[in-house]
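Colleague: Handing you this structure, nothing more for now.
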Amino acid sequence: MMRIVLEPRPSPLPFMRIVAPIIALVLTVIVSSLLFLSLGLNPLSTLEIFFIEPLSTLNGVSEWLLKASPLILIGLGITIGIRANVWNIGAEGMFTVGAIAAGWLAITFGGGNHIWLLPAMILAGALGGMAWAAIPAFLKVKANANEILVTLMLNYVAALILSYLVNGPMQDPEGMNYPQTAAFDPSAMFPPLVEGMRINGSIVITVVAVILAWLFLDRSFVGFQMSVGGAAPAAARYAGFNQSRSIWVGLLVSGATAGLAGMMEAAGPLGQLTPVLSPGYGFTAIIVAFVGRLTPIGVVFGGLLLSLLYLGGEAVQMSLSLPASVTRTFQGTLLFFLLAADVLILYRIRIRRR
Amino acid sequence: MIRHLSRRDLIRYCGAAGACLAAGYTCSEAKADEILKVGIALVSPVAEVGWTKQHSLGVAAIKSAMGDRVEVNIIDNVFQPQDAERVFRGFAASGHKLIFGTSFSHGAPIARVAPQFPNVAFDCCAGSKVLGNLGAFEAKYYEGAFLGGIAAGKMSKGGKLGFIGGFPIPDIVGPANAILLGAQSVRPESTCNIIFMNSWSDPGKEKEAALALIAQGCDVICAMTDSPAAVQAAEQSGVWSTGYASDMSKFAPTKQLTAFTVDWSSIYVKDALDVVAGNWKPQSRWQGLKDGVVKMAPYAAGIPGDVRAILAKAEEDIKSGALQPYAGEIKDQGGAIRIAKGAVMADADVRSANWLVAGMLGQMKG
Amino acid sequence: MSAYRLELCGVTKRYPGIVANDGISLQVGPGEIHAVLGENGAGKSTLMKIIYGAVEADSGDVLWNGEKVKIANPAAARRLGIGMVYQHFSLFESVSVVENIAVAMSGRFDLPALSTRIVRLSERYGLPVDPNRLLHHLSVGERQRVEIIRCLLQNPKLLILDEPTSVLTPQAVRRLFEVLRTLAAEGCSILYISHKLDEIRELCDTATVLRSGRVVGTASPKLVSAAELARFMVGAELPDVHRDPVALTPHPRLEAIGLSARSDDPFGTDLSDLSLAVHGGEILGIAGVSGNGQGELLSLLSGERTASADMIQLDGQPVGDLPVADRRALGVAFVPEERLGRGAVPTISLADNGLLTAHADGLVKRGFIDRQRVAGFAKAIISQFGVKCTGPAALAHSLSGGNLQKFIVGREISLSPRVLIVSQPTWGVDVAASAFIRQALIDLSRSGAAVLVISEELEELFQISDRIAVIYQGRLSRATSRTATNVEEIGLLMAGVGPAFQTAA
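Protein chains in written order, with the working numbering: chain A, 1 to 354; chain B, 1001 to 1366; chain C, 2001 to 2505.
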């Protein structure tokens, strides 16, 4: 009888870091080709529609980056949190509060054509997210409350606050009572980078955040202390690193990025506040962080990949009339192989005979 | 083929972007011998019943009406405006000549995309704007709701109804009022406990809300939700219910009094035929029982003949205009007279309803 | 039919980059106590894991009672009658002693009955342990008792012990040896892994010596001297520890005055009125069986727990209420008992592990890490302290225990501390590395630093300490000059027997 076992490698294989995703891609192509063949589709052209067609036009690239940008931004914050062993499941709520804070400025000062409005909204978005993240940080530091539960629950609180605001104080007075704010004034919106396309100046924030996150995690001592606290809390205590600060930093940074992403979405493709602002970015970004192996550069790839999966899924539905379940199966297959292949970095597969 | 298409459309799209203010739909592109590509964005995956199911039936109607002359492409699970805009643009850029939005949340993005593609017809259910090439359509739910209310008022033991809705928006608040007004028209002392879930689709919450209302003594659960969870919970608890959007009697075989269902197929098919014929015009439509957009599901077997007669009469009168669900005198929760005796609520007020009628127990906000 | 209970023929195991076992053959007869001797990294642990079924050999045969067997996993090994006491324990942290033992037992899950058997065995062999205590409350020494008892409960035909005595009092070691001899007399074979040559000479009938994954020879330890055995094992002459005469600073550098503290842990040991003083230029050794308050004392001295300010003084300055970082800034360095996870972060490089405590040494500029200097710092430790590794980029957990300990001790010594507090400096470390670390500690003390060593190995304390005190149930005995006492006397104090524990140091 044969038995397949996973044996831990004595040390992680560096070249596997590159090979693992390639293996995952190959397996995905094989499995999905069988799937497409069974549906009577040409696997090659289907894959082309999935991965190439969405990016074959300038507008496609614009949409790709527009969707990837908030995922990357939130993913960076979640990565920094997880490095400090702080599991932020509440990016969705921080996203919402950031958007509310920025949206309040937009509605209050939108008519005045103020040049400071957009920068102030950026600041407000970050601060809003941080304020929301401060709650679980405070509770964890002072009362050792589990941040996973607290952040998760605060998502619902944020959603209810938003619902109250767009149904009440911030509701568009001319909106037939629909739960939404008035559309933002152009001075409260990111200018488009290319006329007629949706990609806008907010992408700069994400690019800067990637660089800062890399500097923070790879070069800064505070980032190092945080990672130690996450990887080996006893070692951090032994070295005299401030654990409470790590928790604060981990949550505040992820709050700031999520809040910024919320602000960018409100002042970008949305242009107003509605009862639901995020298409699940706060949760998708957790996948992004893990697909990116918890490194800033990896998160960029993860965000671009997840974004492309959305676009490709739509392209396939649009061009081939494939049911959405097929595209979702494909997306799941790719993510499964990608995360599973990472096991090969730390383990090797052995076949044992008994 | 596909690459070719997208390149051609890119060129076309760039031209369109430049002329984006040149509003006004021109039908020169649509030719009778060409296959019409129709694109539709659904807010959720198609389920057995519910809002999206009814839209998918409308799509199916286009196919059965036009057969090979039409290609319909569906993208589901598109709820958020930021996703919807990309999807509409994608449809338009890939040769779709008729594009449907199916949600209020699609209204703003479709209005942003439509001017950039003046040769494409856009039509949005629950949309609020009408542009040179963008129409809007909605149903008079309140007509069906009023009939459901009559059935509820007649069949309830204590005259205590319970209403569950998604968000306190006019499209839900209005029908909620109509249900209670219908009940009060046959049983003046009727009241209605009302719960808003602040979510469009959440079967768990819907069931919980239904059970909470039943625990409060409500014996007809009027659900305006996306899943059958509420009518199912009512069936299991042995109390009456009314359904919405789809006939949910499959989930409540004995206890669903009726359901006010929506049937968009006439709108979908007409749009498609008009686009092919080259005479499509953007318009705002608001239709109810008379046009067959709102339809009553078969009444429950447990409803006695005299009640059925009342319901049949009321349905005919609504269709003919003899019965106006929102006829005065109507007071609000605070007792103030909103519609004077002899008056009828104006359409604009119906479509922006933000208050609850007297007898409603519960809040719109909070 | 072979006369051997266990026979290995040409067992080979390769890992990427190294051959852990290279054609190893050995034979163990029934009732034989067989030593496997070798430095850390010689391949002893891998070999034992192969016998126990935890690791699969690439080639070679294992014969059990003359029959070729394939031992697929530890459960199969236990079914054959092989028991193993690991050096790094395979116990579950969050459950009790008896539950830990129960999971390894076949048969019915009857905890009360099992508890009774545990208590009976632990009394018989002098391995006191409370079956109902949770594992994570136990010290290293106590955990080892659990491991030993767990094996003995299964009436093994072959018992493998990996460095079993390092945490026992001399008296308990003697009792364990009695147990092992009794077991051997009953026909149980014993594979005894150790680097403690005296013990091997006292206990074992045969010794197989490993070096770099190969068998370099077999000896009768009772017939050769410890020095000969050591040479055999290391392949070279052993450096002897040498110490210069003590020149003490006039005032103590580190003082604990009437230190009392309740343990954080409900099953821990409270410290009661504990006083000690260490002058610059000397090493004070603290002996004691683990679980007598060593952990609590170390965390109070390091600042991981705080006390009232006056209870701990550094060069006369009260520091008892200062956190770790502040005490480190004042020139205190520490080497904790747990190397992986506390003294070093397993998953990061040696360079980053240098940064862990040496960041104030110019490795961080304006909040940013100076990678070059970090690598340079690690490189200096690696070369000065002879750390065997692939370089500063090597991950901490890729090093053998001894090499990682050399790195940690080297790192803390490189900080030029005024006071160095070390717990278990050479636990599980091979002979050569131990000698090196001990010499480094002596040299540091002679340069004027006060060195406090908490150890459960008496041999070590007698080798390096200038004075020795004993900790027992949270109280500390008066420190005695090493030359004025002996192993027997300290051993009695460790067992709580002897002169009353006094409060003055």
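The beta carbon of each residue, even a glycine, is placed where N, CA and C say it ideally should be.
Is it right to say residue 2393 of chain C is buried, meaning 16 or more other beta carbons lie within 10 angstroms of its own, or is it exposed?
Modeller: It is exposed - the Cβ of residue 2393 of chain C has fewer than 16 other Cβ atoms within 10 Å.
Colleague: For chain D, find out if any of its Cβ atoms is closer than 8 Å to the Cβ of residue 2325 of chain C; answer yes or no.
Modeller: Of the protein chains in the structure, A, B and C, none is chain D.
Colleague: Assign residue 272 of chain A to one of two classes, buried (16 or more other C-beta atoms within 10 Å of its C-beta) or exposed (fewer than that).
Modeller: Counting Cβ neighbours within 10 Å, residue 272 of chain A comes out buried, since at least 16 surround it.
Colleague: Give the straight-line distance between the Cα atoms of residue 2424 of chain C and residue 2336 of chain C, rounded to the nearest whole angstrom.
Modeller: About 7 Å.
Colleague: In its own chain, which residues sit with a C-beta less than 6 Å from the C-beta of residue 2019 of chain C, not counting the 5 before and 5 after it?
Modeller: For residue 2019 of chain C, where only same-chain residues beyond five positions count, the Cβ hits under 6 Å are 2213.
Colleague: Does residue 274 of chain A get closer than 8 Å to chain B when you measure Cβ to Cβ?
Modeller: Yes, its Cβ sits closer than 8 Å to a Cβ of chain B.
Colleague: Roughly how many whole angstroms lie between the Cα atoms of residue 1005 of chain B and residue 1092 of chain B?
Modeller: Low confidence applies to residue 1005 of chain B: its pLDDT is 37, below 50, so where it sits in the model is not reliable, and the reading given next is rough at best. Taking the straight line from one Cα to the other gives about 12 Å.
Colleague: Could you name the residues of chain A that residue 2364 of chain C contacts, counting a contact when the two beta carbons are closer than 7 Å?
Modeller: Within 7 Å Cβ-Cβ: 221.
Colleague: Which of the three DSSP states is assigned to residue 2255 of chain C in this structure?
Modeller: Note: residue 2255 of chain C maps to strand in three-state DSSP.
Colleague: For the stretch 146–169 of chain A, list every residue whose C-beta sits within 7 Å of some C-beta in chain B, in sequence order.
Modeller: Going along the stretch 146–169 of chain A in chain order, one finds 160, 163, 164, 167 and 168 with a Cβ nearer than 7 Å to chain B.
Colleague: Out of C:2172, C:2205 and C:2194, which has the shortest C-alpha to C-alpha gap to residue 2185 of chain C?
Modeller: The option with the nearest alpha carbon to residue 2185 of chain C is C:2205.
Colleague: Could you please tell me which residues of the stretch 1073–1085 of chain B, in chain order, have their CB closer than 9 Å to any CB of chain A?
Modeller: Against chain A - using a Cβ distance shorter than 9 Å - the residues of the stretch 1073–1085 of chain B are 1073, 1074, 1075, 1076, 1077, 1078, 1079, 1080, 1081, 1082, 1083 and 1085.
Colleague: Identify the continuous alpha helix (DSSP H) that holds residue 121 of chain A and give its terminal residues.
Modeller: Where residue 121 of chain A is concerned, the enclosing alpha helix (DSSP H) stretches over 117–143.
Colleague: Can you list, in chain order, the stretches of the alpha helix (DSSP H) that have 4 or more residues and sit fully within the stretch 170–254 of chain A?
Modeller: For the stretch 170–254 of chain A, whole alpha helix (DSSP H) runs of length 4 or above, ordered along the chain, are 203–214, 221–231 and 233–239.
Colleague: Just to confirm, are residue 277 of chain A and residue 262 of chain A a CB contact at a threshold of 8 Å?
Modeller: It is a contact, given that the beta carbons lie within the stated cut-off.
Colleague: Could you tell me the alpha carbon to alpha carbon distance between residue 2039 of chain C and residue 17 of chain A, rounded to whole angstroms?
Modeller: Between residue 2039 of chain C and residue 17 of chain A, the C-alpha separation is close to 34 Å.
Colleague: Which class does residue 1279 of chain B belong to by DSSP, given the choice of helix, strand or coil?
Modeller: Residue state, collapsed to three classes: coil.
Colleague: Who are the near neighbours of residue 2440 of chain C in its chain, counting only those whose CB is closer than 8 Å to its CB and skipping five residues on each side?
Modeller: 2385, 2409, 2410 and 2413, listed in sequence order.
Colleague: Establish whether the CB of residue 347 of chain A and some CB of chain C are separated by less than 8 Å.
Modeller: Cβ-Cβ to chain C under 8 Å: no for residue 347 of chain A.
Colleague: Give the DSSP-derived three-state secondary structure of residue 2334 of chain C in the structure shown.
Modeller: Correct three-state label for residue 2334 of chain C: strand.
Colleague: Applying the 10 Å Cβ sphere with the 16-neighbour rule, what's the burial state of residue 2003 of chain C?
Modeller: When all chains shown are included, residue 2003 of chain C counts as exposed.
Colleague: If you count every other CB in all the chains shown that lies within 10 Å of the CB of residue 1022 of chain B, and 16 or more means buried, which is it?
Modeller: Because residue 1022 of chain B sits at a pLDDT of 40, beneath the cut-off of 50, its placement in the model cannot be relied upon, and the point is left open.
Colleague: Considering only their Cβ atoms, is the gap separating residue 2189 of chain C from residue 2149 of chain C smaller than 8 Å?
Modeller: Cβ atoms of residue 2149 of chain C and residue 2189 of chain C: not closer than 8 Å.
Colleague: Return no unless some Cβ of chain B is closer than 8 Å to the Cβ of residue 173 of chain A.
Modeller: Chain B contact via Cβ: absent.
Colleague: At 3 residues or longer, and completely inside the stretch 1236–1261 of chain B: list those beta strand (DSSP E) runs for me, N to C.
Modeller: DSSP runs (the beta strand (DSSP E)) wholly in the stretch 1236–1261 of chain B: 1240–1245.
Colleague: Taking 8 Å as the threshold (beta carbon to beta carbon), is residue 354 of chain A in contact with chain C?
Modeller: Reliability fails at residue 354 of chain A, whose pLDDT of 46 lies under 50, so the model's placement of it is uncertain and the value that follows must be treated cautiously. Output row for residue 354 of chain A: interface = yes.
Colleague: With 8 Å set as the bound, which would you pick, yes or no: does the beta-carbon of residue 179 of chain A sit closer than that to a beta-carbon of chain B?
Modeller: Closer than 8 Å to some Cβ of chain B, the Cβ of residue 179 of chain A qualifies, so yes.
Colleague: Within 10 angstroms of the Cβ of residue 2103 of chain C, are there 16 or more other Cβ atoms? Answer buried if so, exposed if not.
Modeller: Exposed, because fewer than 16 other Cβ atoms sit within 10 Å of the Cβ of residue 2103 of chain C.
Colleague: Quick one, which residues of the stretch 239–264 of chain A are near chain C if we go by CB-CB under 7 Å, in chain order?
Modeller: Of all residues in the stretch 239–264 of chain A, 239 and 240 have a Cβ within less than 7 Å of some Cβ in chain C.
Colleague: Just list the beta strand (DSSP E) runs in the stretch 2051–2092 of chain C, keeping only unbroken ones of 3 residues or longer that don't cross its boundaries, in chain order.
Modeller: Here the runs fully enclosed are 2059–2064, 2067–2069 and 2082–2085.
Colleague: Give me the residue from C:2430, C:2420, C:2422 and C:2347 with the minimum Cα distance to residue 2387 of chain C.
Modeller: Of the listed residues, the one whose Cα sits closest to residue 2387 of chain C is C:2430.
Colleague: Counting only beta-carbon atoms, is residue 2035 of chain C nearer than 8 Å to chain A?
Modeller: Chain A contact via Cβ: absent.
Colleague: Using Cβ-Cβ distances below 9 Å, what residues of the stretch 2333–2357 of chain C are close to chain A?
Modeller: So the close ones are 2334, 2336, 2338, 2340, 2341, 2342, 2343, 2344, 2345, 2346, 2347, 2348, 2352, 2353, 2355, 2356 and 2357.
Colleague: Is there at least one Cβ from chain B nearer than 8 Å to residue 176 of chain A's Cβ?
Modeller: For residue 176 of chain A, the answer is yes, since a Cβ of chain B falls inside 8 Å of its Cβ.
Colleague: By Cβ distance below 7 Å, which residues in the same chain neighbour residue 1046 of chain B in space, the five residues on each side in sequence not counted?
Modeller: Counting only Cβ-Cβ distances below 7 Å, and skipping sequence neighbours, we find 1052, 1053, 1056 and 1076.
Colleague: Tell me the DSSP secondary structure of residue 1137 of chain B in three-state form.
Modeller: It is a strand residue.
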